[in-house]
Amino acid sequence: ITVQSKSDSHFYFQLGGLQPATNYIFKVRCAADVSPFWKWSSWTENLSAETTEAAPSGLLDVWRHINSGLEQRNVTVFWRESSEFCANGKIQKYLLSWENLEDPSVQRQNDSVSASHNYTISLDHRSYKILVWAQNRASVSFPSVIIIPATDKNGEVHYNEETTDNNTEHGIYISWKPQSKFSQYVVEWCNQPTHHL
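For the numbering used here, count along the sequence shown from 1 and bump the result up by 1388.
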């Protein structure tokens, strides 16, 4: 980048479009403001500078494993960086929050984890929403959300009633009645085993 001469005794230039929390190396040289132009000076020694951190971008991949008991369920939440996630610095810890979707009077719970990528929560049979953030020195990422469905006393999950009308030879059309307490849904499928008579 060439910077035009000014009358000031000091020159400066602000570079844009750099990546957060990244070390850059610079060199500078100059040329006399005379005509005709003669030549450039030698380059200076390398100068290094690091940009500051920015909030993590993208979302974490989250999933869960549920161990059901008579009164409580142990829900282990796992997370990892997705392909779209960028730390934009050094992740210091992960923040977790979970709230009861059926009883607004139940206070939201919060905790943080610094070393591991999983966390176990004891929940009752009602439905919950769990959020996970990554935090560096600058700020936090957008939260990743996972819904834990309600169960009955026997540990059976309360699902919506699904329908599979309008199927074709190339696909299956699945529909269900949405509930306001849920913001996202997960659809799982597998090949049905074929038994020969």
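Here a beta-carbon is modelled for each residue, glycine too, at the ideal position from N, C-alpha and C.
Check each candidate in the options and name the one with the smallest Cα separation from residue i.
| i | options | result |
| --- | --- | --- |
| Cys1578 | Ile1560, Gln1480, Phe1530 and Asn1524 | Ile1560 |
| Asn1498 | Asn1488, Leu1484, Asn1506 and Ser1510 | Leu1484 |
| Phe1368 | Leu1447, Gln1480, Ser1502 and Ile1454 | Nothing in the structure corresponds to residue 1368, since the chain is present only between 1389 and 1585. |
| Ser1527 | Lys1478, Ser1563, Asn1411 and Asp1553 | Lys1478 |
| Tyr1412 | Thr1439, Trp1486 and Gly1404 | Thr1439 |
| Tyr1516 | Ala1522, Leu1489 and Ala1443 | Leu1489 |
| Ala1503 | Trp1521, Arg1496, Tyr1482 and Glu1487 | Tyr1482 |
| Ile1509 | Gln1495, Asp1421, Trp1486 and Val1450 | Trp1486 |
| Leu1435 | Glu1459, Val1416 and Gln1495 | Val1416 |
| Ile1534 | Ser1471, Ala1419, His1453 and Asp1421 | His1453 |
| Ser1471 | Asp1491, Asn1455 and Asp1449 | Asp1449 |
| Phe1414 | Ser1456, Pro1408 and Leu1403 | Leu1403 |
| Ala1409 | Ile1562, Cys1474 and Glu1576 | Cys1474 |
| Glu1441 | Leu1458, Pro1537, Leu1406 and Ala1420 | Leu1406 |
| Asp1540 | Ser1456, Asp1491 and Ser1429 | Ser1456 |
| Gln1480 | Ser1500, Leu1458, Asp1553 and Ile1536 | Ser1500 |
With a 10 Å radius around its C-beta and 16 neighbouring C-beta atoms as the bar for buried, classify residue i as buried or exposed.
| i | result |
| --- | --- |
| Ile1518 | buried |
| Ser1423 | exposed |
| Arg1525 | exposed |
| Arg1461 | buried |
| His1513 | buried |
| Ala1437 | exposed |
| Asn1476 | buried |
| Phe1425 | exposed |
| Pro1444 | buried |
| Trp1521 | buried |
| Val1465 | buried |
| Tyr1507 | buried |
| Leu1511 | buried |
| Asn1463 | In the sequence as presented, Asn is not what sits at residue 1463; that position holds Val. Buried, because 16 or more other Cβ atoms sit within 10 Å of the Cβ of Val1463. |
| Ser1493 | exposed |
| Pro1532 | The residue asked about is misnamed: residue 1532 is Ser in this sequence, not Pro. Buried. |
| Trp1564 | exposed |
| Trp1431 | exposed |
| Trp1451 | exposed |
| Trp1428 | exposed |
| Ser1568 | exposed |
Which partner residues of residue i appear in the DSSP bridge assignment?
| i | result |
| --- | --- |
| Val1501 | Tyr1482 |
| Cys1578 | Cys1578 pairs with nothing; no bridge assigned. |
| Thr1439 | According to DSSP, Thr1439 bridges with nothing at all. |
| Tyr1507 | Val1465 |
| Asn1488 | Tyr1516 |
| Gln1523 | Lys1481 and Val1528 |
| Val1586 | Within the shown structure, residues of the chain are numbered from 1389 to 1585, placing residue 1586 beyond reach of any answer. |
Discussion item. Going residue by residue through the stretch 1411-1462, where are the continuous beta strand (DSSP E) segments of at least 3 residues, counting only ones entirely within it?
Written reply: 1411-1414, 1435-1438 and 1448-1456, all fully within the stretch 1411-1462.
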